[in-house]
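Undergrad:
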Amino acid sequence: MENILELKQVSKTFPKSDFKLDDVTFSLPYGAILGFVGENGAGKTTTIGCIMNTIIKNSGTVKLFGKEMLDTDTTMREKIGVVYDSDNFPVYWTVKQLSNVMEGLYVQWDNFLFQKYLEQFHLPAKQKIKHFSRGMAVKLAIAAALAHHPQLLILDEATNGLDPIVRDEIQDIFLEFVQEENHSILLSSHITGDLEKIADYITFIHNGKVMMTVSKDDLLYNYAVLRCRESQFPALDREDILAYRKRDFQTDVLVSDGKAAQRKYKDVVADHVSIDEIMLLLIKGERV
Amino acid sequence: MKGLLKNNFYAALSNMKAFSIIMLLLGVFVVVINHKIPTLVVAGYMLLGMIGFSLISIASLRKESTAKWSKYKLTTPVKRSAIVKSHFLSLLLWLFIGMVFAGIGTVLSIILHGYPFSKITDVFMLFVAGVVISLLMGTIFFPLFYLDGEKRNEVYIILSLICAIKISTFIDVLFPGSMNTMQIVLFGIIILVCVLFAFVLSCLLTVVIYRKKEY
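These protein sequences, in sequence, are chains S and C.
Taken in order, the first sequence gives residues 1 to 288; the numbers are from this note's numbering.
Taken in order, the second sequence gives residues 1001 to 1215; the numbers are from this note's numbering.
And the structure:
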């Protein structure tokens, strides 16, 4: 499968901080949505910074459309649309001014398409951005990101803090966008419910390290949490355990093949697992 | 580049509108009223126009760094060097607007009240002084802004203005008193060329600094 985005052992340290991005490796195939999940400060924004060269990585490779993107690769950036969590654009701009600036930046800027999105999102064209609500500002940023016909959309916590109706509306747009087989989305978020609905793959990041990348189908149909009593936990094979978390009288154990685990450990209850629960087990739990 | 220039234009627009109105009102004051010390009034108007527009142009850089736009811009199909060049170019364009204001005010004042200066080259040298201060201000400010000053923008604006005025005063001291018209004009042109050279060097230095900048 060909990848639109490929990160290999990307590392980044900061002189005034203990935080580091440590050998981050994952890839996003063409035609897919990858949810990039992690708690606040896990390294999602830093990783996106390394992808877009707004942060200069120390080592590793980031390949976009099969090659490393340099500052001079402006044609490659034509094919990428980016949306940050808030304040993407100066608040003193009007929507019209935004369109004028973008028209001067992107060769492929499609004003007709931009107007179409403005209508679809009910965004007033003459108003200044400072009068927009957070939901309106994110929708405007999405409209701007889509209006230059990108192949890759990168969204950094863009949907966080939006109401469910706006989020649903935006999810529909994303699903429509990936209908084209050469279109992909990297969607960083710590709201996992959205990702469960639309993502094809999930990459978990914690403390600057990628914990795992898994397809959503694999996660929903194969991954499971074993609810073990104190006496049952020691009997589990170490190699079956991805992560575990002790509670009062129970230990939750994350396994990658729930059905096999259920067959192997007949007395143990195996539950389906949500992205939220995996995140908690990977972050707060222990690894074998 | 077109998009970047538009971006810089919008960043400066509201302050420029206000300053243009002030310059128009001051222009009326300079042109219509017959002053006791016209030299000072006209010279002040000329310098204010050129330096004022330039100052507002560089100060507007702060406005966009309050949003994530500084980071967003790097994800658009423009090179980092183009972003830096656009700021230098915008300063030149706003300086030109300042020169137009200064020029119109001076010409109208001369038409209505006569030539206020003692030498024919004084107007030219005032333009040279305005351009030199404005360009030196940008020459000093832009590298400092990208090196350290996004949060200390105001400090660096004041610092660059003071340094630019100090350097201009120093150049004025070098100016020998007994020069003929041709020599004065030549001296002015040499200063302009030197300052333009420094301006270009500063642009290259700012590009180097900005290439390492992270958002």
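Beta carbons: idealized from backbone N, C-alpha and C, even for Gly.
(1) Can you confirm whether residue 1223(C), when its beta carbon is compared against all beta carbons of chain S, has any partner nearer than 7 angstroms?
(2) Run down chain S in chain order and give the residues with a C-beta less than 8 angstroms from the C-beta of residue 1074(C).
(3) Which full runs of the alpha helix (DSSP H) of 4+ residues lie inside the region 110-156 of chain S, going along the chain?
(4) For chain C, find out if any of its Cβ atoms is closer than 7 angstroms to the Cβ of residue 203(S); answer yes or no.
(5) Under the three-state reduction of DSSP, which class applies to residue 82(S): helix, strand or coil?
(6) Would you verify that the beta carbon of residue 97(S) is, or is not, closer than 7 angstroms to some beta carbon of chain D?
(7) Within 8 angstroms, do at least three Cβ pairs link the region 4-14 of chain S to the region 50-67 of chain S?
(8) Does the distance from the C-beta atom of residue 1069(C) to that of residue 89(S) stay below 7 angstroms?
(9) Does residue 1018(C) come within less than 7 angstroms of chain S when only Cβ atoms are used?
(10) Is it right to say residue 1014(C) is buried, meaning 16 or more other beta carbons lie within 10 angstroms of its own, or is it exposed?
(11) Using beta carbons (cut-off 7 angstroms, strictly below), is residue 1059(C) in contact with chain S?
(12) Per DSSP, which residues does residue 184(S) bridge with? Please list them.
(13) Does any CB atom of chain S fall closer than 7 angstroms to the CB of residue 1219(C)?
(14) Once you ignore the five residues that flank residue 269(S) on each side, which residues in its own chain have a CB closer than 6 angstroms to its CB?
(15) Ends of the alpha helix (DSSP H) at residue 102(S)?
(16) Considering only the beta carbon of each residue, do residue 272(S) and residue 38(S) sit closer than 7 angstroms?
(17) In three-state DSSP terms, what is residue 35(S)?
(18) Any C-beta of chain C sitting closer than 7 angstroms to the C-beta of residue 5(S)?
(19) What residue ranges within the region 1069-1132 of chain C form continuous beta strand (DSSP E) runs of no fewer than 3 residues, ordered along the chain?
(20) Please say whether residue 52(S) and residue 64(S) have beta carbons closer to each other than 7 angstroms?
(21) By the criterion of Cβ-Cβ separation under 8 angstroms, what are the contact partners of residue 1014(C) in chain S?
(22) On the DSSP bridge assignment, give the partners of residue 64(S) in chain order.
(23) I'd like to know if the region 187-207 of chain S and the region 237-254 of chain S are in contact, where contact means that at least 3 CB-CB pairs between them fall below 8 angstroms.
(24) Taking any Cβ of chain S, which residues in the region 1061-1092 of chain C have a Cβ under 7 angstroms from it, in chain order?
(25) Between 118(S), 114(S), 174(S), which lies nearest to residue 187(S) when the distance is taken from Cα to Cα?
(26) If distances are taken between C-alpha atoms only, which option among 1091(C), 1120(C), 1034(C) comes closest to residue 1183(C)?
(27) Which value, in whole angstroms, describes the spacing of the CA atoms of residue 286(S) and residue 136(S)?
(28) List, in order along the chain, the chain C residues whose C-beta lies closer than 7 angstroms to that of residue 100(S)?
(29) Quick one: Cα of residue 1199(C) to Cα of residue 159(S), how far?
(30) At a cut of 8 angstroms, does the region 258-268 of chain S reach the region 167-181 of chain S through at least three beta carbon pairs?
(31) Quick one: Cα of residue 232(S) to Cα of residue 147(S), how far?
(32) Going along the chain, which residues of its own chain have a beta-carbon closer than 7 angstroms to the beta-carbon of residue 163(S), five neighbours each way excluded?
(33) Identify every residue that forms a DSSP beta bridge with residue 90(S).
(34) For chain S, is any of its Cβ atoms less than 7 angstroms away from the one on residue 1215(C)?
(35) Is it buried or exposed for residue 972(C), if we count other Cβ within 10 angstroms and need 16 for buried?
TA: The short version:
(1) The question about residue 1223(C) has no answer, for chain C in this structure spans 1001 to 1215.
(2) Residue 1074(C) reaches chain S at 52, 53, 54, counting residues in chain order whose Cβ is nearer than 8 angstroms.
(3) Here the runs fully enclosed are 111-120, 134-146.
(4) No, residue 203(S) lies away from the interface with chain C (no Cβ there is under 7 angstroms from its Cβ).
(5) Residue state, collapsed to three classes: strand.
(6) The structure shown contains no chain D; the protein chains it does contain are S and C.
(7) Yes: the two stretches touch, three or more of their Cβ pairs being nearer than 8 angstroms.
(8) Closer than 7 angstroms, so yes.
(9) Against chain S, the CB of residue 1018(C) has no partner CB under 7 angstroms away; the residue lies outside that interface.
(10) Note on residue 1014(C): under 16 other CB atoms within 10 angstroms of its CB, so exposed under the neighbour-count rule.
(11) For residue 1059(C), no CB of chain S lies under 7 angstroms from its own CB, so it is not counted at the interface with that chain.
(12) 152(S), per the DSSP bridge assignment.
(13) With chain C represented from 1001 up to 1215, any question about residue 1219(C) goes unanswered, as that position is not in the structure.
(14) If we look at residue 269(S) and ignore the five residues flanking it on each side, its Cβ neighbours are 227.
(15) Going by DSSP, residue 102(S) is part of the alpha helix (DSSP H) stretching over 95-105.
(16) Cβ distance not < 7 angstroms, so residue 272(S) and residue 38(S) don't count as in contact.
(17) Strand at residue 35(S).
(18) Chain C contact via Cβ: absent.
(19) Those beta strand (DSSP E) runs which fall completely within the region 1069-1132 of chain C and span 3+ residues do not exist here.
(20) Not closer than 7 angstroms, so no.
(21) By Cβ distance, chain S contributes 92.
(22) Residue 64(S) pairs with 5(S), 67(S).
(23) Using a Cβ-Cβ distance cut-off of 8 angstroms, the region 187-207 of chain S and the region 237-254 of chain S are not in contact, since fewer than three pairs of beta carbons, one from each stretch, lie closer than that value.
(24) Those residues of the region 1061-1092 of chain C that come within reach of chain S (Cβ to Cβ, closer than 7 angstroms) are 1063, 1064, 1067, 1068, 1069, 1071, 1072, 1074, 1075, 1076, 1077, 1078, 1079, 1080.
(25) For residue 187(S), the nearest C-alpha among the options comes from 174(S).
(26) Measuring from the Cα of residue 1183(C), the nearest candidate turns out to be 1120(C).
(27) Near 41 angstroms, if we compare the C-alpha coordinates of residue 136(S) and residue 286(S).
(28) For residue 100(S), the chain C residues whose C-beta falls within less than 7 angstroms of its own C-beta are 1006, listed in chain order.
(29) So the two alpha carbons sit approximately 44 angstroms from each other.
(30) Result no; under three Cβ-Cβ pairs closer than 8 angstroms.
(31) Cα to Cα, residue 232(S) sits roughly 56 angstroms from residue 147(S).
(32) The beta carbon of residue 163(S) lies closer than 7 angstroms to those of 135 in the same chain, with the five residues before and after it left out.
(33) None, per the DSSP bridge assignment.
(34) So, interface residue.
(35) Not covered by the structure: residue 972(C). The range shown for chain C is 1001 to 1215.
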